[in-house]
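Take 327 as the starting number for the sequence shown in the numbering used here and just add one per residue. Ideal placement from N, C-alpha and C gives every residue a C-beta, glycine not left out.
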Amino acid sequence: MYTLGSTIHHETITADMMRVVVVDIRNATARVPVPTEDVQTVGQALGNFILWPLRLSRAIVKKCSRQPGSFECGYYVMRHMQKIISANVVDSWKLVT
327 MYTLGSTIHH ETITADMMRV VVVDIRNATA RVPVPTEDVQ TVGQALGNFI
377 LWPLRLSRAI VKKCSRQPGS FECGYYVMRH MQKIISANVV DSWKLVT
């Protein structure tokens, strides 16, 4: 979701609309809700900003793995810490023999 001004392709972004950029397509032939002269389908919108109704939008949040009772993404941090400790890596990433 972007908030980069009040117009897009010379069209005013009203309170019930938002500016989106299409980065992932599931159905390239699906019609966009607000077609323009250049973009009528989702496939034509790939990589472009287009107007989209707020009622048809939702935020996409990527989640990472979690261990129960730990901080977000803690699994990956702890996994790498285990490798560092078990390899006896200390100052300057040199292996201690």
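Item                                                                                                                     : Value
Candidates E363, A371, V347 and M343: which alpha carbon is nearest V355's?                                              : Here the sequence assigns Thr to residue 355, which means Val is not the residue at that position. Among E363, A371, V347 and M343, the Cα nearest to that of T355 is on A371.
Suppose you measure from the CA of L382 to the CA of H406; what does that come to, to the nearest Å?                     : 40 angstroms
By the DSSP assignment, the beta strand (DSSP E) with V347 in it spans what residues?                                    : M343 to V347
Looking at the secondary structure, which residues open and close the alpha helix (DSSP H) in which V368 lies?           : V368 to A371
How would you call V347, buried or exposed, if buried means at least 16 neighbouring beta carbons within 10 angstroms?   : exposed
Taking D364 as the reference, which of I386, V387 and I334 has the closest Cα?                                           : I334
If I'm right that V349 touches L377 with Cβ under 8 angstroms, what's the distance once you round it to whole angstroms? : So it is not a contact: roughly 16 angstroms between Cβ atoms.
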